Each structure stands twice: as C-alpha cells, then as structure tokens.
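Residue numbers (our numbering): 1100 to 1222.
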C-alpha cells in the first residue's frame, strides 16, 4: 500500500493548490481507466486487484479524492489499518469539508486503534 506516492512532489502542496482551484480538472485519463479496472475487480470480488488499481490511479492523479477514499476502504477491509488511515487522511486533505468528513475521521480513529496506535495521535 502507498501513502504519498514517490516522485510526485509534495502531496500537501498539491492538495492545497487543488483545493484552491475554482474549477477542478477532470480525472486524468490513465486514472480514469484504472478506476474502471478497479470497479471491475470489485465486481469480480478481487479486492487485492481493486486496491492495486486504485493505488495506481492515485499515483497517476494524486488529487483524485474518491480514489483515495476507495483505496482507504479496501485497505481497511484487507486489514492494513495504518495504510487505510493514511489513505483516508489523504482523502480528507483534498476534501476537508466533505459531507462524510466526520465519519471519515471516525474511521481513521478506528483504524489507528486497530493498528495499535493511539487515536489521540490523529491530527
């Protein structure tokens, strides 16, 4: 699992710049194709493949918030709780005011607890 893809510059700076855009750019084409592959893997009940495709998708387009969210859910489902919390934090960095932000933060706390970390460490 990945958290902040190598070679893509500072994710925090990218997220800040993306949030500041009045009009968000469309999903990068290669990320769109990976989204389709991930959705297909989910239909075929292949969560490992789906996770791989979502993670490749956010490498291709680090500002793909829904990709981070989906990767977080799959990573948590597979028991990689620390990585799941990190992925969900990336989602929240892109969409801090999302309608599901509170439940996403709660999920981060739960995953951090399951990973053996103090939920108070969540920022």
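Every residue gets a Cβ at the ideal spot worked out from N, C-alpha and C, and that includes glycine.
Only a predicted model underlies this, so the values are computations on that prediction, with no experimental measurement involved.
Residue 1174 and residue 1164 closer than 7 Å at C-beta: no
Environment of residue 1188 [buried if 16+ CB atoms lie within 10 Å]: With 16 or more neighbouring CB atoms inside 10 Å of its own CB, residue 1188 falls in the buried class.
Cutoff 7 Å; reference residue 1150; Cβ partners in own chain excluding five residues on either side: 1170, 1173, 1174 and 1177
For residue 1166, three-class secondary structure by DSSP: Here residue 1166 carries a helix assignment [DSSP, helix/strand/coil].
Under 7 Å between C-beta atoms of residue 1126 and residue 1152: No.
Burial state of residue 1222, where buried means 16 or more other Cβ atoms lie within 10 Å: Residue confidence is low: residue 1222 scores 48 on pLDDT, short of 50, so the model does not pin down where it sits. No coordinate-derived value is stated.
Local Cβ density within 10 Å of residue 1211, reported as buried at 16 or more and exposed below that: buried
Presumed contact (8 Å Cβ cut-off) between residue 1214 and residue 1181, rounded CB distance: So it is a contact: roughly 4 Å between Cβ atoms.
Buried/exposed call for residue 1185, threshold 16 Cβ in 10 Å: When all chains shown are included, residue 1185 counts as buried.
Neighbour-count burial assignment, residue 1162, 16 or more Cβ in a 10 Å radius: Taking every protein chain shown into account, the CB of residue 1162 has 16 or more other CB atoms within 10 angstroms, so this residue is buried.
Cβ separation of residue 1140 and residue 1156, assumed to be a contact under 8 Å, to the nearest whole Å: At roughly 12 Å, the Cβ-Cβ gap does not stay under 8 Å, so residue 1140 and residue 1156 are not in contact.
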